[in-house]
Amino acid sequence: MREIIQVLEEKREAARSGGGKARLESRHLRGILSARERIELLLDEGSFEEWDMFVEHRCADFGMEERRVPGDGVVTGHGTINGRSVFVFSQDFTVFGGSLSESHAWKICKVMDHAIKVGAPVIGLNDSGGARIQEGVASLAGYAEVFQRNVSASGVVPQISMIMGPCAGGAVYSPAMTDFIFMVKGSAYMYVTGPEVVKTVTREEVTHEDLGGAQTHSVRSGVCDRSFENDVEALLMLRRFMSFLPANNRKKAPFRATDDPPSRIEPSLDSLVPDHPNKPYDMRELIVKIADDSEFFELKPDYAKNLLIGLARIRGNPVGIVANQPLVLAGCLDIDSSIKAARFVRFCDSFNIPIITFVDVPGFMPGTVQEYGGIIRHGAKLLYAFAEATVPKITLITRKAYGGAYDVMSSKHLRGDINLAWPSAEIAVMGAKGAVEILHKKDAADPAKIEEHTEAYAHAFSNPLAAARRGFIDDIIMPRDTRARLCRALSMLREKSLENPWKKHGNIPL
Ligand code: HXC
Numbered sequence: 074m075r076e077i078i079q080v081l082e083e084k085r086e087a088a089r090s091g092g093g094k095a096r097l098e099s100r101h102l103r104g105i106l107s108a109r110e111r112i113e114l115l116l117d118e119g120s121f122e123e124w125d126m127f128v129e130h131r132c133a134d135f136g137m138e139e140r141r142v143p144g145d146g147v148v149t150g151h152g153t154i155n156g157r158s159v160f161v162f163s164q165d166f167t168v169f170g171g172s173l174s175e176s177h178a179w180k181i182c183k184v185m186d187h188a189i190k191v192g193a194p195v196i197g198l199n200d201s202g203g204a205r206i207q208e209g210v211a212s213l214a215g216y217a218e219v220f221q222r223n224v225s226a227s228g229v230v231p232q233i234s235m236i237m238g239p240c241a242g243g244a245v246y247s248p249a250m251t252d253f254i255f256m257v258k259g260s261a262y263m264y265v266t267g268p269e270v271v272k273t274v275t276r277e278e279v280t281h282e283d284l285g286g287a288q289t290h291s292v293r294s295g296v297c298d299r300s301f302e303n304d305v306e307a308l309l310m311l312r313r314f315m316s317f318l319p320a321n322n323r324k325k326a327p328f329r330a331t332d333d334p335p336s337r338i339e340p341s342l343d344s345l346v347p348d349h350p351n352k353p354y355d356m357r358e359l360i361v362k363i364a365d366d367s368e369f370f371e372l373k374p375d376y377a378k379n380l381l382i383g384l385a386r387i388r389g390n391p392v393g394i395v396a397n398q399p400l401v402l403a404g405c406l407d408i409d410s411s412i413k414a415a416r417f418v419r420f421c422d423s424f425n426i427p428i429i430t431f432v433d434v435p436g437f438m439p440g441t442v443q444e445y446g447g448i449i450r451h452g453a454k455l456l457y458a459f460a461e462a463t464v465p466k467i468t469l470i471t472r473k474a475y476g477g478a479y480d481v482m483s484s485k486h487l488r489g490d491i492n493l494a495w496p497s498a499e500i501a502v503m504g505a506k507g508a509v510e511i512l513h514k515k516d517a518a519d520p521a522k523i524e525e526h527t528e529a530y531a532h533a534f535s536n537p538l539a540a541a542r543r544g545f546i547d548d549i550i551m552p553r554d555t556r557a558r559l560c561r562a563l564s565m566l567r568e569k570s571l572e573n574p575w576k577k578h579g580n581i582p583l
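Number 583 marks the last residue of the sequence shown (this note's numbering); no jumps.
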């Protein structure tokens, strides 16, 4: 008995030291935490229960039988964040570069299986050189086992990937199938093939950072939902992010008490929309002013900036916010913003998070770049996502709601529950100028007549009344009352129940 305890203690010590002191220290010098330190920072103090510390790889090729590290390069288990259960795996780059062996994959699959069974989120802290080269197809099989579980867990429990080091090759596809990808600036990168392969195949010369760093994926590709300065900031922000999410698809998102009064009046909102219809304003100001304690956890803030998405709380309950941003491209919907919003709407709908949509949209972006890029099918993703969503949907039109974009942005016709407008709202097929150019082509040479027609059109449509007369807008409210009205609407909708017709799954235009 004493002997086995001693062996166990030695194994535990070996697992804790990972790839050795020297490797850990060199990473510390670069501000990088160890796999275990990351877990400790992420979870509530003392809550981590580690599993499979004694698991080792079974490879006997390339001298691997002499090189075994207990735990095999990934720390797995469960613990709590603010008292709520989560499952976690944290790859240890100091052990074979965090590469994924058959055993390493099996450990990850084990926590995923448990997460699905008990209905708790899975968080992956990724830091890995990809498939364990020495294991060949066994490690590829391990990846596929993880992928399958990512898909089975999708829409059942939230899955979050925090990329904290390399993530290369097919390995990127596990994070890609999780709900959110966060990255650490400077140390994380993701790509399907690295710079050397790129150079051989396309002759392009590109650095790791430019090809797949946090900046690239936050600004250009939209793969990354949020990037952070370093390990510590990333993990503390992840704790904050988790406070918005329910444990699984059968639970409501967690309530957090607030002193922010539900009836708080915000007079400054009365002057948010400028008098001139083409003058921009910052929609973020509206979001921050109506949210509890002005807290807005924005996602993809540097990608498709013509549309804002993120999580906030209203009267203590999490809500998803989707909003056109008139500051960028006049808030037009284009390919990137449609995809950005569609995926977020589907996340909220999967996990019972009500959606609040703020609308100021002059339409879909015209042009060959958009048409050749497939704006038809990408715009349809957003339309599909809003139309299929059954969670409470509240829409507020602050200014423009033109054309197809009016329909798409959670309109009454897509089962919007409460559709409100400010007095500054304009709901029409298009703006007055464009409409007059089409309807009164014959008067084009007569500026006086054109002005007269424009005024008449604006008088008829540059207000929310035409839509309100038909009941497409439930009420026209003063901007200052927005928070109070949203609070009431959300309480009224709290027990909303709506189901789509039975189907295996819909066929969203991918
Ligand atoms: C086994 C690996 C490894 C791997 C790194 N190591 N990647 N061991 N399998 N995939 C080991 C190294 O041999 C080294 O061991 C230690 O980890 C640290 O690696 P370094 O190269 O010294 O570190 P660094 O200079 O920081 O470079 C990191 C790296 C590089 C860029 C990630 O290691 C690298 O390019 N690795 C291979 C990446 C790759 O092509 N993976 C396969 C992708 S394909 P020692 O003992 O010397 O310290 C894939 C398929 C997935 O993943 C399929 C899913 C469908």
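Quick reminder that beta carbons are idealized off the backbone N, C-alpha and C, glycines included.
No experiment lies behind these values; they were computed from the predicted model shown.
Rounded distance between the beta-carbons of residue j and residue i, thought under 8 Å
i: L114; j: V305; result: 7 Å
i: I428; j: V401; result: Not a contact, Cβ separation roughly 21 Å.
i: K324; j: P465; result: Not really, about 16 Å apart at Cβ, beyond 8 Å.
i: A226; j: L213; result: Not confirmed; about 20 Å, so no contact.
i: L469; j: D548; result: About 10 Å separates the two Cβ atoms, so there is no contact after all.
i: I408; j: I448; result: 5 Å
i: A87; j: V147; result: About 15 Å separates the two Cβ atoms, so there is no contact after all.
i: G436; j: G476; result: 4 Å
Identity of the residues DSSP links to residue i by a beta bridge
i: E306; result: According to DSSP, which records beta bridges pairwise, E306 is partnered with nothing at all.
i: N199; result: I236
i: Y262; result: P239 and G286
i: N492; result: T468
i: G383; result: E371 and I394
i: E208; result: DSSP lists no partner for E208.
i: A474; result: V434 and I500
i: E41; result: Residue 41 lies beyond the residue range present for the chain, which begins at 74 and ends at 583; the question has no answer from this structure.
i: E122; result: H151
i: L406; result: F437
As assigned by DSSP and simplified to three states, the class of residue i
i: P436; result: Note that residue 436 corresponds to Gly in the displayed sequence, not to Pro. Three-state DSSP puts G436 in coil, outside helix and strand.
i: V245; result: helix
i: P391; result: strand
i: Q398; result: coil
i: M565; result: helix
i: V148; result: strand
i: V356; result: In the sequence as displayed, the identity of residue 356 is Met instead of Val. Helix at M356.
i: L311; result: helix
i: K180; result: helix
i: I449; result: helix
i: S291; result: helix
i: D547; result: coil
i: T463; result: coil
i: A540; result: helix
i: T167; result: coil
i: C376; result: For the record, residue 376 in the displayed sequence is Tyr; it is not Cys. It is coil, neither helix nor strand.
i: I500; result: strand
i: I154; result: strand
i: M185; result: helix
i: I77; result: helix
i: T430; result: strand
i: E278; result: coil
i: A133; result: coil
i: L173; result: strand
Rounded separation between residue i and residue j - CA only
i: L173; j: P334; result: 50 Å
i: S90; j: D125; result: 15 Å
i: D480; j: G93; result: 59 Å
i: R388; j: S367; result: 12 Å
i: E371; j: F431; result: 15 Å
i: F369; j: S260; result: 26 Å
i: P353; j: D298; result: 25 Å
i: K640; j: R337; result: The first residue shown for the chain is 74 and the last is 583, placing residue 640 beyond what the model contains.
i: G150; j: Y246; result: 22 Å
i: W179; j: E138; result: 19 Å
i: E82; j: A193; result: 31 Å
i: S77; j: K84; result: One detail in the question is off: residue 77 reads as Ile in this sequence, not Ser. Cα to Cα, I77 sits roughly 10 Å from K84.
i: D645; j: T527; result: Only positions 74 to 583 of the chain appear in this structure, which leaves residue 645 out of reach.
i: I451; j: Q232; result: Before going further, note that residue 451 is His rather than Ile in the sequence given. Spanning the two alpha carbons is a distance of roughly 24 Å.
i: R357; j: D145; result: 45 Å
i: H290; j: P552; result: 36 Å
i: N379; j: E175; result: 44 Å
Residue i Cβ short of 8 Å to the ligand COA heavy atom set
i: Q207; result: Absent from the structure shown: the ligand COA. Ligands present: the ligand HXC.
Neighbour flag for residue i against chain D, beta carbons, 9 Å
i: L559; result: Considering every chain present, this structure includes no chain D. It has just one protein chain.
* Say whether the region 256-271 touches the region 456-464, bearing in mind that this needs 3 or more beta-carbon pairs closer than 8 Å, one atom from each stretch. => no
* Asked: Does the region 310-317 touch the region 155-173, meaning 3 or more C-beta pairs lie closer than 8 Å?
  -> yes
* Do the region 268-275 and the region 249-259 touch if we need at least three Cβ pairs shorter than 8 Å? -> No, the region 268-275 does not touch the region 249-259.
* Is the number of C-beta pairs between the region 531-549 and the region 510-520 that are closer than 8 Å three or more? -> The region 531-549, when compared against the region 510-520, does not touch it at the 8 Å Cβ threshold.
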